[in-house]
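Here the structure comes first, spelled out in structure tokens, and everything after it is commentary.
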Amino acid sequence: MQNKGRMFLENPPLIEVPGFRWMGTSLGIKDTSLDFGVLASDVPCSAAAVFTRSTMPGAPILVGREHVSKGQLQAVVVNSKNANVATGAGGIADAREMCQGVAEALGITPEWVLPSSTGVIGRRLPMSKIREGFSRIIPELGSSTAHIESFARAIMTTDTVPKWAVGRVGTATIVAVAKGSGMIEPNMATMLSYFATDAQIAPEVLQPLLTRVVNRSFNRVTVDSDTSTSDTVVLLANGQAGPVGLQEFEDVFTQMATSLARKLARDGEGATKLIELTVSGARSPEMALQVAKTVINSPLVKTAIHGADPNWGRFVMAVGKAFEYPVQREDLRIYFGRGDERKVIDAEGMEQGTVDLEAISELLRLEDVPIELVVGKGDFREVVWGCDLSREYVAINADYTT
791 MQNKGRMFLE
801 NPPLIEVPGF
811 RWMGTSLGIK
821 DTSLDFGVLA
831 SDVPCSAAAV
841 FTRSTMPGAP
851 ILVGREHVSK
861 GQLQAVVVNS
871 KNANVATGAG
881 GIADAREMCQ
891 GVAEALGITP
901 EWVLPSSTGV
911 IGRRLPMSKI
921 REGFSRIIPE
931 LGSSTAHIES
941 FARAIMTTDT
951 VPKWAVGRVG
961 TATIVAVAKG
971 SGMIEPNMAT
981 MLSYFATDAQ
991 IAPEVLQPLL
1001 TRVVNRSFNR
1011 VTVDSDTSTS
1021 DTVVLLANGQ
1031 AGPVGLQEFE
1041 DVFTQMATSL
1051 ARKLARDGEG
1061 ATKLIELTVS
1071 GARSPEMALQ
1081 VAKTVINSPL
1091 VKTAIHGADP
1101 NWGRFVMAVG
1111 KAFEYPVQRE
1121 DLRIYFGRGD
1131 ERKVIDAEGM
1141 EQGTVDLEAI
1151 SELLRLEDVP
1161 IELVVGKGDF
1171 REVVWGCDLS
1181 REYVAINADY
1191 TT
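Here is the structure:
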């Protein structure tokens, strides 16, 4: 998409961001896959972050909130395979040591490093292995696309593919890397997402901008309705490209975040289908979002979509669970598909049994499943993204720690 110097690519090749370096390596935290990553700027950055709202946040969240509070960071350090959650004072000390080790390697202050961890809850970090990672930072840091991809792979847990997005605003570049596959329900998801840009934006502008974008993107994605203890979205702006148009920047940033949110849902644990659910005709934005979340989180809805079962009664049931926002049955319409192939179930079809079940089943067999619920005659609509629920999801999470 291009307009007035703005550009966003849905499935882009990676590009370098001037002034940023990346690395990903394997420390053997759980297995031989990449599990330790660092993102570093050559200069201090304006910084903003949004974290999980879980009341059981991990140690890196507590330290990260503290470090980003002044709106300045210069590096991010991430480990996968171990979340450093429910580990008490020792876990907080470990998170601080991660920052200290990175700071010493880069020659910066520890307060300019934001830590993240993702993986199994309830286990102390293997700090002897983490310390080995500190010695690898300078030799392995680089700005190439291969370095960015290694970082993207190092932060993965049950993801099947690395995830990134690329955008430009004027002369500025934005690159984002994200992970997330299960335990996904805002706010936000078991996801980590890092945006690096050479645009010049003040911290007091950056934080509200990030919050707005997250609310329109990552807070609209769900896989299994569980809120993680470790969710983090960070935006670093090193300013080397100079000022940019703020609205243009926010537009591209929103498109990138939305693309990543969709990728998180598509790569949900055991997922075979991406669901895009729109609720329209609502009396308020709150009603539209609550109904949408209630429906897309229903295990019965998700399993019906997985099996391409045109059991529209499950949607009726799920709409009825949004107790705060009752919907009149005669107002409810359910649309499956897009364009000329779109099929509708309305009150008359429900009553008369004239629904074309086979046509709906065909639409549910697609890998991308668009569904719209019209819940009244109001002016508000919201879109959320999710995935189906498969046997593989159960298998992945039944054996997660072994």
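So the sequence shown is numbered by this note's numbering: it starts at 791 and just counts up by one. Where a beta carbon is used, it is the ideal one built from N, C-alpha and C, also for glycine. Everything numeric in this text was worked out from a predicted model, so none of it was measured.
| By a C-beta neighbour count over all protein chains shown, 10 Å radius and 16 as the cutoff for buried, is residue 972 buried or exposed? | With a pLDDT of only 44 at residue 972, under 50, the local geometry of the prediction cannot be trusted, and the value read off the model is given with reservation. Buried, because 16 or more other Cβ atoms sit within 10 Å of the Cβ of residue 972.
| query | Is residue 1169 helix, strand or coil when you go by DSSP? | reply | coil
| Bridge partners - residue 969, DSSP secondary structure assignment | 982
| Alpha-carbon to alpha-carbon, residue 960 and residue 1029 | 13 Å
| Three-state class that DSSP yields for residue 904 in the structure shown | strand
| query | What residue from 1075, 996, 1134, 1180 has the CA that sits closest to residue 1172's CA? | reply | 1075
| field | Beta-carbon proximity list for residue 829, same chain, < 7 Å, skipping 5 on both sides | value | 810, 812, 865, 866, 941, 984, 986
| Alpha-carbon to alpha-carbon, residue 953 and residue 913 | 27 Å
| said: Whether or not the region 1156-1171 and the region 1063-1083 are in contact is what I'm after, with contact meaning three or more pairs of Cβ atoms, one per stretch, closer than 8 Å; do they touch? | reply: yes
| If you compare alpha carbons, which of 891, 868, 872, 1177 is closest to residue 1051? | 1177
| task | Using three-state DSSP, classify residue 871 as helix, strand or coil. | result | coil
| said: Give the list of continuous beta strand (DSSP E) stretches no shorter than 3 residues that lie fully inside the region 807-846. | reply: 810-815, 826-841
| Beta carbon of residue 1001 nearer than 9 Å to that of residue 837 | no
| C-alpha distance - residue 849 paired with residue 1018, whole-angstrom precision | 13 Å
| Closest Cα partner of residue 948 within the set 1033, 1131, 1059 | 1059
| query | When the Cα atoms are used, what is the spatial distance from residue 815 to residue 827? | reply | 6 Å
| Looking at the structure shown, is residue 911 part of a helix, part of a strand, or coil, going by DSSP? | coil
| task | Sort 804, 1174, 820, 1155 by Cα distance to residue 1006 and report the nearest one. | result | 1174
| request: Please determine, among 1153, 1114, 1100, the residue with the shortest C-alpha to C-alpha distance to residue 1082. | output: 1114
| said: I'd like to know if the region 1084-1098 and the region 1138-1147 are in contact, where contact means that at least 3 CB-CB pairs between them fall below 8 Å. | reply: no
| request: Note down the Cα distance separating residue 976 from residue 1020, rounded to an integer number of angstroms. | output: With a pLDDT of 47 at residue 976, under the threshold of 50, the predicted position of this residue should be treated as unreliable, though the coordinate-derived value follows. Those two C-alpha atoms are separated by around 12 Å.
| query | Leaving out the 5 sequence neighbours to the left and right, which residues in its chain are closer than 6 Å to residue 1185 when beta-carbon positions are compared? | reply | none
| request: Compute the distance between the beta-carbons of residue 1034 and residue 992, then report whether it is under 9 Å. | output: no
| message | According to DSSP, residue 1162 sits in a beta bridge with which residue or residues? | response | 1068, 1125
| field | Cβ shell of residue 1080 (< 8 Å), same chain only, five flanking positions each side left out | value | 1112, 1114, 1115
| field | CA-to-CA distance, residue 825 to residue 818, given in whole angstroms | value | 7 Å
| Which two residues bound the contiguous beta strand (DSSP E) that contains residue 1032? | 1022-1033
| query | Cβ of residue 955 within 9 Å of Cβ of residue 968? | reply | yes
| In three-state DSSP terms, what is residue 1179? | coil
| What does residue 987 pair with, by DSSP beta-bridge criteria? | 964, 1027
| In chain order, what residues of the same chain lie with their CB nearer than 6 Å to the CB of residue 1157, ignoring the 5 residues before and after it? | 1063
| field | Option nearest residue 1160 by Cα separation, candidates 1128, 950, 1149 | value | 1128
| task | Note the first and the last residue of the continuous alpha helix (DSSP H) segment covering residue 1111. | result | Note, residue 1111: premise wrong, no alpha helix (DSSP H); not H, not E.
| request: Using alpha carbons as the reference points, say which of 930, 854, 888 lies closest to residue 919. | output: 888
| field | residue 876, buried or exposed, once every other Cβ within 10 Å from all chains shown has been counted against 16 | value | exposed
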